[in-house]
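Chemist: Before we start, here is the structure in question, set down as structure tokens.
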Amino acid sequence: MWLAPGRANLMGEHTDYNDGFVLPFALGQGVTAAAARRPGRRLTVCSRQEPGDAVEVNWTAWRPAG
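The opening residue of the sequence shown carries number 69 in this note's numbering; numbering runs sequentially from there.
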């Protein structure tokens, strides 16, 4: 399980790596992801916000872009 806390930049988007001024702040929201092994070659993606809308993907047919 992983948690990525929310963050926003009030000013300075994409300037921090160019030695510019930034004003980031934390948000109360975040993203949590969990993964577990299962038999077969299917990937199931679901959301706690939309629990009835799970999506199944055939992993064998998946090809990375590029």
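Backbone N, C-alpha and C fix where the C-beta goes; we use that ideal spot for every residue, glycine too.
These figures come from a predicted structure and were not determined experimentally.
Where do the N-terminal and C-terminal ends of the beta strand (DSSP E) with W70 fall, by residue?
Modeler: Mapped onto the sequence shown, residue 70 falls at position 2. W70 -> beta strand (DSSP E) spans 70-77.
Chemist: Which full runs of the beta strand (DSSP E) of 3+ residues lie inside the region 92-120, going along the chain?
Modeler: Entirely contained in the region 92-120, the beta strand (DSSP E) runs reaching 3 residues are, in chain order, 92-101, 110-113.
Chemist: If you compare alpha carbons, which of G74, V90, N86, W127 is closest to G80?
Modeler: Against the sequence shown, residue 80 aligns to sequence position 12. Cα-wise, what sits closest to G80 is V90.
Chemist: Assuming A94 contacts G74 (C-beta within less than 8 Å), just tell me the rounded distance between them.
Modeler: For this step, residue 94 is matched to residue 26 along the sequence shown. For this step, residue 74 is matched to residue 6 along the sequence shown. Sure, about 7 Å apart at Cβ, within 8 Å.
Chemist: For N126, write down the residues that DSSP places opposite it in a beta bridge.
Modeler: Sequence index remark: in the sequence shown, residue 126 carries index 58 (1-based). Note: N126 sits in a beta bridge opposite R110.
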